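This report concerns only the one structure given below.
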Amino acid sequence: MGSSTTLDELRAAAWKNIPIIVAELTKILPAEKMADFFIPDANIRMNQQHSQVEARIFELACNVTKAMYASKAYSNYHVWEAFRHDKSKEAARAIAPDLIASLHPFGNCLTMSFECAEELRAKLKAEGPEYAGYADRVQFVTNNWEQQARSSREYHCIAIVRLPTQCIVMDAVNCSTAFAVPLGQLYAPPNCLSIGYFYVACGDARLLVECGTKSPSYTLARPYSRGKFEYDDPYAEIKDGLVGGVQNLAFPSVDYHSRGKLPGRRTAFVHQVWNHKPDNLCSELLPDKRYAIETCLLRVDSVKRKIVVEFIPYADWLLRPENADLLGRLRLRGRDEVRLPKNWGKFASIKLVLKGQGTDGFDEETVQILRLMDEVCGKLGMPEGEVSRIAGVMQEVWAEYDEAKAKKASCQQKGVPTRKERAAAKVTTQPSPREDGNVELPQNTDKRQVPY
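Numbering (the UniProt record's numbering), first residue to last: 1 to 452.
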């Protein structure tokens with residue numbers, strides 16, 4: 001099904017799609033690969049004891065996911081920054097062991113799912129002999145079948161436990177708690193209704209697939225479903241763990257090592273734990289009776305030279321008595337910079353446009369707005385001074401970009417070909433192997449291209 005398909009439409013079609021998925025995966029996956037998805041108790045008859053064990057595993061997974069959601073937040077800005085000076089997979093691989101610590105309190109689906117998997121394994125081992133055996137069944141997985149990503153949209157990582165009648169999923173990037181996908185049904189995660197999951201049985205194998213995404217991730221053939229509906233390739237264990245995921249997914253998914261090129265728009269979410277439940281924000285009740293909240297969103301646009309803080313809680317936070325002084329200072333700014341809702345609206349925002357300045361430093365007015373952003377974001381859970389630090393990184397990127405442009409212009413004036421032009425010339429002067437008439441094109445029965 002295409003990206004415009006609603007979840008209700010997916011549910012309505014689920015009863016007929018699941019048998020197609022089962023037949024298709026059985027046909028296209030070689031027996032040795034299907035064996036990777038076997039579970040030892042596939043044919044077990046569930047009893048009360050098994051149900052209690054699975055319920056406790058699910059409870060532990062929920063606690064792990066909630067703790068991760070409360071302590072860390074998704075940021076593709078900080079992941080980009082972590083790799084921006086690395087020029088090879090080997091360099092990225094070298095920093096992988098320290099990547100999680102360097103990103104804290106931020107992460108992405110790769111790092112956060114890895115941490116969830118590690119933590120759940122530890123909790124299961126500590127729970128007792130009855131649960132320790134399940135620690136080996138906690139998997140750190142991706143839907144990128146070939147595990148060679150070219151874009152962050154081409155892969156997603158989660159932690160899962162595949163059980164006979166359900167698959168427990170930990171996805172702290174999208175969901176504030178764990179969820180269980182029942183066998184043979186379509187399930188939509190809580191507060192994440194744009195996607196759905198199928199958990200299917202192919203003999204003794206259990207496979208989890210995702211559907212309804214805007215950019216499906218698939219490379220496997222689709223002899224039965226092609227042109228009818230879409231679903232991702234099955235989630236499979238990430239080769240070589242975190243290090244392999246960094247090398248093959250996170251690092252190459254964006255052109256991180258692009259010195260002299262401006263990165264695309266980046267975002268950083270901010271999470272915080274509150275003692276009270278907000279009226280207008282989504283929240284997750286934690287085991288200690290406090291609430292994990294998504295408090296704001298930072299957008300960084302290096303091309304337009306703009307920083308925006310969005311979704312600042314207004315009625316639930318800015319209007320509280322302890323923030324009266326901050327609110328007063330925000331009200332003194334122009335509407336081009338600060339947007340405050342009328343009456344008891346939900347959200348405020350702060351925007352800073354840096355056009356015309358940057359590489360030689362910021363003027364005093366810009367510094368004041370950055371400090372205001374720092375104060376707001378700091379009180380909502382972001383590290384102190386982080387917005388100003390990010391603005392400083394933007395200065396470095398702009399300087400690199402200006403330097404690269406000047407170098408390119410100088411080469412053009414002198415008639416010296418650029419690196420890109422030299423590469424193009426090298427390609428066009430290479431003899432084509434087809435000229436010999438001895439090379440046959442590989443045959444592929446599925447002609448569909450990956451739609452990215």
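Note that CB positions come from ideal geometry on N, CA and C, so glycine has one too.
Just so you know, these numbers come straight off a predicted model, no measurement behind them.
Name the DSSP beta bridge partners of residue i, please?
| i | result |
| --- | --- |
| Ser-75 | Ala-268 |
| Gly-107 | Tyr-74 |
| Leu-29 | Per DSSP, none; premise fails for Leu-29. |
| Trp-274 | Tyr-291 |
| Met-170 | Ala-159 |
| Val-338 | Ile-350 |
| Ala-236 | Thr-142 |
Return the Cβ separation of residue i and residue j in integer angstroms, given the expectation that the two are a contact with Cβ distance under 8 Å.
| i | j | result |
| --- | --- | --- |
| Ala-348 | Ile-312 | 4 Å |
| Met-68 | Cys-116 | 5 Å |
| Ala-103 | Thr-111 | The amino acid at residue 103 is misidentified as Ala; the sequence shows Leu. With 8 Å as the limit, Leu-103 and Thr-111 qualify as a contact, their Cβ atoms being about 6 Å apart. |
| Thr-65 | Ala-178 | 4 Å |
| Ile-39 | Phe-140 | So it is not a contact: roughly 17 Å between Cβ atoms. |
| Val-270 | Ala-73 | 6 Å |
| Leu-124 | Cys-167 | With 8 Å as the limit, Leu-124 and Cys-167 do not qualify as a contact, their Cβ atoms being about 16 Å apart. |
| Val-181 | Tyr-199 | 4 Å |
| Met-46 | Ser-113 | About 28 Å; that fails the 8 Å criterion. |
| Gly-361 | Tyr-314 | No, Gly-361 and Tyr-314 are not in contact; Cβ-Cβ is about 33 Å, not under 8 Å. |
| Ala-23 | Tyr-218 | Not really, about 16 Å apart at Cβ, beyond 8 Å. |
| Phe-58 | Arg-206 | Incorrect: roughly 16 Å between the Cβ atoms, too far for contact. |
| Leu-220 | Ile-28 | 5 Å |
| Lys-355 | Arg-305 | 5 Å |
| Glu-54 | Leu-163 | 6 Å |
| Asn-275 | Asp-316 | Asn-275 to Asp-316, Cβ: 13 Å. No contact. |
| Leu-249 | Asn-144 | 6 Å |
| Pro-105 | Pro-278 | The pair is not a contact, with the Cβ atoms about 20 Å apart (cut-off 8 Å). |
| Tyr-77 | Val-300 | 5 Å |
| residue 454 | Ile-369 | Lying before the first or after the last residue shown, residue 454 is absent from the chain, which here runs from 1 to 452. |
| Cys-211 | Tyr-231 | 4 Å |
| Leu-242 | Ala-96 | 6 Å |
Which residue marks the beginning of the alpha helix (DSSP H) containing residue i, and which one marks its end?
| i | result |
| --- | --- |
| Met-373 | 364-379 |
| Met-46 | Premise fails: Met-46 is in no alpha helix (DSSP H) and is neither H nor E. |
| Arg-329 | 324-331 |
| Val-243 | 241-245 |
| Ala-132 | 129-132 |
Taking the continuous beta strand (DSSP E) assigned at residue i, which residues delimit it?
| i | result |
| --- | --- |
| Pro-40 | Note, Pro-40: premise wrong, no beta strand (DSSP E); not H, not E. |
| Phe-140 | 138-142 |
| Tyr-291 | 291-301 |
| Ala-348 | 347-353 |
| Glu-310 | 306-313 |
| Glu-284 | 283-285 |
Any heavy atom of the ligand ADP closer than 7 Å to the beta-carbon of residue i?
| i | result |
| --- | --- |
| Thr-219 | Of ligands this structure carries none, so the ligand ADP is not represented either. |
Counting only C-beta atoms, is residue i closer than 8 Å to chain B at any point?
| i | result |
| --- | --- |
| Pro-321 | The chain inventory of the structure shown lacks chain B, comprising one protein chain alone. |
Considering only residues of the region 174-211, which uninterrupted beta strand (DSSP E) runs meet the minimum length of 3 residues and lie entirely inside it, listed in chain order? 179-182, 196-202 and 205-211
Determine, using beta-carbon pairs with one atom in the region 119-137 and one in the region 77-90, whether at least three such pairs fall under 8 Å. no
For the 8 Å Cβ check, are there 3 or more pairs between the region 369-376 and the region 294-314? yes
Check whether the region 280-288 touches the region 322-338, counting contact only when three or more Cβ pairs, one atom from each stretch, lie closer than 8 Å. no
Should the region 183-192 be regarded as contacting the region 139-155, the criterion being three or more beta carbon pairs within less than 8 Å? no
Is it a yes or a no for the region 383-391 touching the region 400-407, going by three-plus beta-carbon pairs under 8 Å? no
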